[in-house]
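Engineer: Got a structure for you, written out below as structure tokens; questions coming shortly.
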Amino acid sequence: MTDLIVVSLEDWDEVWRRNQHLVAGLLRSRRVDRVLFVEPGSDPVHALRRRERPRRGRGLQPITDVAGVGADRIWAYQPTKWLPRKFDPNSDARWASEIRRQVKEFDFANPVLWVNDPLGAELLSTGWPALYDITDDWLLADRPAPELARLRRQEDRLLTACREVVVCSPALSRTKSVQRAVTLIPNAVDLDPYRTRQSRPADLPSGPIALYLGTSHRDRLDVELCIATAARLADTGGHVVLIGPAPLPDEDLKRLDRAGAHVLGPRPSASVPTYLQHADVLLVPHVLSDFTASLDPIKAYEYRAARRPVVSTPVPGFVEASDHLVRTVDPEVFAEAVATAIALQVPWSGDLPKDIPSWSQRVKHMAEIISKVEVSH
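192 is the number of the first residue of the sequence shown in this note's numbering; add one for each residue after it.
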């Protein structure tokens, strides 16, 4: 019996990321028996700063929305981060104690620890066999010096102590393999939902659509480029639409709105193919930085499966794509390239390229990694 503790950078919600696709696949295939999915703690202080309603963490709850997986096999646990670390230097140790208590109550005898959030380094002292799955190089992100120091300290411990280290992008493979051996397991897409075209979502505005799917965060999204593109398309009745979480400053959201962009917020992953299929153009207005150069965007696979024209800044996942529908351009000509692509009116096709990888392939590879972690214990 393999029990898994996943320390995730994201919640388990309707917007599925890498962790959810892999964990769900491992459970369905019975390569893993039970999972405790540790979500980021709720942060009441941060919520107040953003003028949002503060709340406690949800605690322990069964996850009931995974088809083919019983609710007794996967649980989510969300603690509460009451104060920033500078006011509560023991918060990480207390977090680790909470997780150990939950694991004991579940009677996980010798679980495998899957760390995605570097905070999981605080659980290495348990002796649980561990793997580190690196999906973003946060050491390259724009963060305060104390936070970068903490992340560097935790990542050094993980790279030293974990039995296996997995990375999602070639760039991460190059940088992290300097310190130790790593295994490259890129992202993927569930292909079947893209083979049939669905009805147009009712909340899409009328007229030509240039759509961005993903988290609208300044670490990734070039807000100025989105504004310029929205203004350019408005001249011909087109619209920029942003689908996904949008943790942007209020002023950015107001400027996007004034430019005519539609920030629709997150949508359930099951509906993502429908939105992508009904876009005239799919956008990747990402900033060009060392951080974005480290990524393997899931949208690179989803966009290609949707068979719509793609206009992207020259970032990984797109700049190397050998697909006639994918075009990368410099930021200076991005808005005009989007307008040109919309004017082409490319028809949709359900004939998917054979080189697009599926999540089932990645699940098999991750199962092999977990087996190695267990055997080496």
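Think of the CB as a built atom: it goes at the ideal place given N, C-alpha and C, for glycine as much as any other residue.
Return the first residue and the last residue of the alpha helix (DSSP H) that Leu363 is part of.
Structural biologist: Residue numbering aside, residue 363 sits at position 172 when the sequence shown is read from its first letter. Here the alpha helix (DSSP H) through Leu363 covers Pro361 to Lys367.
Engineer: In angstroms with no decimal places, state the Cα-to-Cα distance between Val478 and Phe525.
Structural biologist: Here residue 478 is taken as the residue at index 287 of the sequence shown, counted from 1. Here residue 525 is taken as the residue at index 334 of the sequence shown, counted from 1. Rounded to whole angstroms, Val478 to Phe525 spans 12 Å at the Cα level.
Engineer: Can you give the Cα-Cα distance for Pro459 and Val206, rounded to whole angstroms?
Structural biologist: Numbered from its first residue, the sequence shown carries residue 459 at position 268. Numbered from its first residue, the sequence shown carries residue 206 at position 15. Their backbone Cα atoms lie some 5 Å apart in a straight line.
Engineer: Starting from Val463, follow the alpha helix (DSSP H) in both directions and report where the run begins and ends.
Structural biologist: For the purposes of this step, residue 463 is taken as the residue at position 272 of the sequence shown. Val463 to Gln468 is the extent of the alpha helix (DSSP H) around Val463.
Engineer: Can you check which of these residues, Val414, Pro309 and Leu195, is closest to Pro320 by C-alpha distance?
Structural biologist: Translated into the one-based positions of the sequence shown, residue 320 becomes position 129. When only C-alpha atoms are compared, the closest one is Leu195.
Engineer: Measuring only from the beta carbon, is Asn210 closer than 7 Å to any heavy atom that is part of the ligand ZN?
Structural biologist: Absence of the ligand ZN from the depicted structure is noted, as is the absence of any ligand whatsoever, leaving it without description.
Engineer: Check Gly250 in the structure and name its three-state DSSP category.
Structural biologist: Working through the sequence shown from its first residue, we reach residue 250 at position 59. If DSSP states are grouped into helix, strand and coil, Gly250 belongs with the strands.
Engineer: Could you tell me the alpha carbon to alpha carbon distance between Asp448 and Gln293, rounded to whole angstroms?
Structural biologist: Along the sequence shown, one-based indexing puts residue 448 at 257. Along the sequence shown, one-based indexing puts residue 293 at 102. Taking the straight line from one Cα to the other gives about 44 Å.
Engineer: Which residues bound the alpha helix (DSSP H) around His556?
Structural biologist: Here residue 556 refers to the residue found at position 365 when the sequence shown is read from its first residue. That run of the alpha helix (DSSP H) goes Trp550 to Val566.
Engineer: Does the segment 296-305 come into contact with the segment 344-351, if we say contact requires no fewer than three beta-carbon pairs (one atom in each stretch) closer than 8 Å?
Structural biologist: Contact fails: fewer than three Cβ-Cβ distances are below 8 Å.
Engineer: Pairing CB atoms from the segment 421-431 with CB atoms from the segment 493-504, are three or more of them under 8 Å?
Structural biologist: No, the segment 421-431 is not in contact with the segment 493-504.
Engineer: Work out the CA separation of Ser462 and Tyr403 for me, nearest whole Å.
Structural biologist: In the sequence shown, the residue the question calls residue 403 occupies position 212. In the sequence shown, the residue the question calls residue 462 occupies position 271. Approximately 14 Å, taken between the alpha carbons.
Engineer: What are the boundary residues of the beta strand (DSSP E) that includes Ala401?
Structural biologist: Residue numbering aside, residue 401 sits at position 210 when the sequence shown is read from its first letter. Counting along the chain, the beta strand (DSSP E) containing Ala401 begins and ends at Ile400 to Leu404.
Engineer: Can you tell which of Pro548, Thr193, Leu363 and Ile434 has its C-alpha closest to the C-alpha of Asp383?
Structural biologist: As a first step, residue 383 must be located in the sequence shown, where it is residue number 192. Taking only the C-alpha atoms, the option nearest Asp383 is Pro548.
Engineer: Look at the alpha carbon of Pro507 and the alpha carbon of Leu315, and state the distance between them as a whole number of angstroms.
Structural biologist: Taking the first residue of the sequence shown as position 1, residue 507 is located at position 316. Taking the first residue of the sequence shown as position 1, residue 315 is located at position 124. Approximately 32 Å between the Cα atoms of the pair.
Engineer: Cα-Cα, which of Ala215, Asp202 and Ser364 is closest to Trp550?
Structural biologist: For the purposes of this step, residue 550 is taken as the residue at position 359 of the sequence shown. Among Ala215, Asp202 and Ser364, the Cα nearest to that of Trp550 is on Ala215.
Engineer: Within 10 angstroms of the Cβ of Ser390, are there 16 or more other Cβ atoms? Answer buried if so, exposed if not.
Structural biologist: Sequence index remark: in the sequence shown, residue 390 carries index 199 (1-based). By the neighbour-count rule (16 or more Cβ atoms within 10 Å), Ser390 is not buried but exposed.
Engineer: Could I get the ranges of all uninterrupted beta strand (DSSP E) runs contained in the segment 443-529, with 3 residues as the minimum, in chain order?
Structural biologist: Within the segment 443-529, the complete beta strand (DSSP E) runs of at least 3 residues are 453-456, 472-475, 501-503 and 517-519.
Engineer: Residue range of the beta strand (DSSP E) that His430 falls in?
Structural biologist: Counting from 1 along the sequence shown, the entry for residue 430 is found at position 239. His430 to Ile434 is the span of the beta strand (DSSP E), which, as asked, contains His430.
Engineer: Less than 8 Å between the C-beta atoms of Pro361 and Leu342, yes or no?
Structural biologist: Position 170 of the sequence shown, counted from the first residue, corresponds to residue 361. Position 151 of the sequence shown, counted from the first residue, corresponds to residue 342. Cβ atoms of Pro361 and Leu342: not closer than 8 Å.
Engineer: Classify Ala267 as helix, strand or coil using the three-state DSSP reduction.
Structural biologist: For the purposes of this step, residue 267 is identified with residue 76 of the sequence shown, where counting begins at 1. It is a strand residue.
Engineer: Measure the CB-CB distance between Val414 and Asp441 and report whether it falls below 8 Å.
Structural biologist: Here residue 414 corresponds to residue number 223 of the sequence shown, with the count starting at 1. Here residue 441 corresponds to residue number 250 of the sequence shown, with the count starting at 1. No.
Engineer: Report the rounded CA-to-CA distance for Pro235 versus Pro538, giving the unit in angstroms.
Structural biologist: For this step, residue 235 is matched to residue 44 along the sequence shown. For this step, residue 538 is matched to residue 347 along the sequence shown. For Pro235 and Pro538, the distance between alpha carbons rounds to 47 Å.
Engineer: Measure the Cβ-Cβ separation of Thr133 and Pro488 and say whether it is below 8 Å.
Structural biologist: No statement about residue 133 is possible, as the shown extent of the chain runs from 192 to 568 and does not include it.
Engineer: Can you round the beta-carbon distance between Val303 and Ala312 to whole angstroms, since I take them to be within the 8 Å contact cut?
Structural biologist: As a working mapping, residue 303 is identified with position 112 in the sequence shown. As a working mapping, residue 312 is identified with position 121 in the sequence shown. That pair is no contact at about 16 Å.
Engineer: Around the C-beta of Arg240, are 16 or more other C-beta atoms found within 10 angstroms, so that it is buried, or is it exposed?
Structural biologist: Here residue 240 refers to the residue found at position 49 when the sequence shown is read from its first residue. By the 10 Å Cβ count, Arg240 comes out exposed.
Engineer: Identify every residue that forms a DSSP beta bridge with Arg225.
Structural biologist: On the sequence shown, residue 225 is found 34 positions in, with the first residue counted as 1. Note: Arg225 sits in a beta bridge opposite Asp194.
Engineer: Classify Ser233 as helix, strand or coil using the three-state DSSP reduction.
Structural biologist: Locating residue 233 in the sequence shown gives position 42, where the first residue counts as 1. Ser233: strand per DSSP, three-state reduction.
Engineer: May I ask you to report which of helix, strand or coil DSSP gives Asp283?
Structural biologist: Locating residue 283 in the sequence shown gives position 92, where the first residue counts as 1. Three-state DSSP puts Asp283 in a helix.
Engineer: Who are the near neighbours of Thr366 in its chain, counting only those whose CB is closer than 8 Å to its CB and skipping five residues on each side?
Structural biologist: Here residue 366 refers to the residue found at position 175 of the sequence shown. These residues qualify, in order along the chain: Asp328 and Ser485.
Engineer: Alpha carbon to alpha carbon, how far is Arg276 from Ile400? Give it in angstroms, no decimals.
Structural biologist: The sequence position of residue 400 within the sequence shown is 209, counting from 1. The sequence position of residue 276 within the sequence shown is 85, counting from 1. Answer to the nearest angstrom: the Cα atoms are 43 Å apart.
Engineer: Excluding the 5 residues preceding and the 5 following Tyr385 in the sequence, name in chain order all residues of the same chain whose CB lies nearer than 7 Å to its CB.
Structural biologist: For the purposes of this step, residue 385 is taken as the residue at position 194 of the sequence shown. Only Pro464, Ala496, Ala497 and Leu543 meet the Cβ criterion.
Engineer: Beta-carbon within less than 6 Å of Thr420's beta-carbon, same chain only, minus the 5 sequence neighbours each way: which residues are those?
Structural biologist: Looking up residue 420 in the sequence shown gives position 229. Closer than 6 Å at Cβ, skipping near neighbours: Val431, Ala526 and Val529.
Engineer: Counting C-beta neighbours from all protein chains within 10 Å, is the total for Ala262 16 or more, i.e. buried, or is it exposed?
Structural biologist: Position 71 of the sequence shown, counted from the start, is the residue given in the question as residue 262. So Ala262 ends up on the exposed side.
Engineer: What does DSSP give as the partner residues of Ile325 in its beta bridges?
Structural biologist: In the sequence shown, the residue the question calls residue 325 occupies position 134. Ile325 pairs with Val358.
Engineer: So, are the CB atoms of Arg354 and Lys563 less than 8 Å apart?
Structural biologist: Numbered from its first residue, the sequence shown carries residue 354 at position 163. Numbered from its first residue, the sequence shown carries residue 563 at position 372. Yes.
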